[in-house]
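Colleague:
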Amino acid sequence: MSESNNISSLYPPPPPYVQFFTKQNLDKLPQYRSTHPDRDPGTISCELDFLIPPPVPSFGHYRAFGNIWQVKDKLPDLETVGLSKLYDDSGQEGNNYQYKIKELHKLLKSLLLNMLELVGILGVNPELFPPKVENIRTILFNIHHLLNEYRPHQSRESLIMLLEEQLEHKKKEITHINAVCDLVETKLKDMCQQYIDDK
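Everything in the sequence shown is counted per the working numbering, starting at 161 for the first residue and increasing by one.
#1: Which residues bound the beta strand (DSSP E) around I228?
#2: Relative to the C-alpha of L307, which candidate in V293, Q258, P213 has its C-alpha closest?
#3: Along the chain, where does the beta strand (DSSP E) containing R223 start, and where does it finish?
#4: If you draw a straight line from the alpha carbon of I261 to that of R311, how long is it in whole angstroms?
#5: Please report the distance separating the alpha-carbon of Y192 from that of L170.
#6: Using alpha carbons as the reference points, say which of H305, E333, L343, K349 lies closest to T240.
#7: Would you say P291 lies against chain D (beta-carbon separation less than 8 Å)?
#8: Buried or exposed: M161, going by 16 or more other Cβ atoms within 10 Å of its Cβ?
#9: Give me the Cβ distance between P207 and F180, rounded to the nearest whole Å; I'm assuming they're in contact under 8 Å.
#10: State the start and end residues of the unbroken alpha helix (DSSP H) segment that holds Y171.
#11: My output table needs one value for P214: the three-state DSSP class, helix, strand or coil.
#12: Can you round the beta-carbon distance between L246 and N302 to whole angstroms, since I take them to be within the 8 Å contact cut?
#13: With three or more C-beta pairs closer than 8 Å as the rule, is the segment 264-284 touching the segment 292-299?
#14: Distance, Cα to Cα, Y355 vs A339?
#15: Leaving out five residues on either side along the sequence, give the residues of the same chain with a beta carbon under 7 Å from the beta carbon of L282.
#16: How would you call E317, buried or exposed, if buried means at least 16 neighbouring beta carbons within 10 angstroms?
#17: In whole angstroms, give me the CA-to-CA distance for Q326 and I337.
#18: Go ahead and pull the three-state DSSP assignment for F180.
#19: Rounded to whole angstroms, what's the CA-CA distance from P176 to L323? Just pull it up for me.
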């Protein structure tokens, strides 16, 4: 019995103001908006106020479903999260992705070295592993952050590849259609010529 209750309450019920979205209220809404142009969007005075969507948040974040979401989806710095940045981004000019690739190679080498040191520590004195694991964790977070910085470039490149594939597909279709048109044209000419010869 309790399992069926859990399954039925998997999603929350719809909010109570859904009942105000009726055909009559939607018909009244334009008139209500014109008669109350200076109404405060944050206050609810009648049921028609529920039909007007709230304004876009003017500050940098909003709360939905119990989480805080950023209006502009930006990658937070490692320092704001509380982690140390192990790579230097001073040599970076704009979106220099070659520099990020070099930094990724350095971090990967550092990760491999720390893993090797961790294996050595575990072989000699297993109680001294926590600082090394924390170093590995920091390196992995830095690698993850660098990869996430690379995402816009990856999405642009993926879009370019997709558009090039579509363009190539369209060119092949056009070539095929032109070949079929030429074939039909030659057959029509042959038929006309055969008809003329038969007369």
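From the three backbone atoms N, C-alpha and C, an ideal C-beta is built for every residue, glycine too.
Computed from a predicted model, the values in this text were never measured in an experiment.
Modeller: According to the structure shown:
#1: 227-230
#2: Q258
#3: 221-224
#4: 13 Å
#5: 37 Å
#6: H305
#7: No chain D is part of this structure, which consists of one protein chain only.
#8: Annotation note: pLDDT 45 at M161 (below 50); position unreliable, coordinate value reported separately. M161 comes out exposed.
#9: In the sequence as presented, Pro is not what sits at residue 207; that position holds Glu. So it is a contact: roughly 4 Å between Cβ atoms.
#10: Where Y171 is concerned, there is no enclosing alpha helix (DSSP H), given that its DSSP letter is neither H nor E.
#11: coil
#12: 5 Å
#13: yes
#14: 24 Å
#15: F289
#16: exposed
#17: 16 Å
#18: helix
#19: 45 Å
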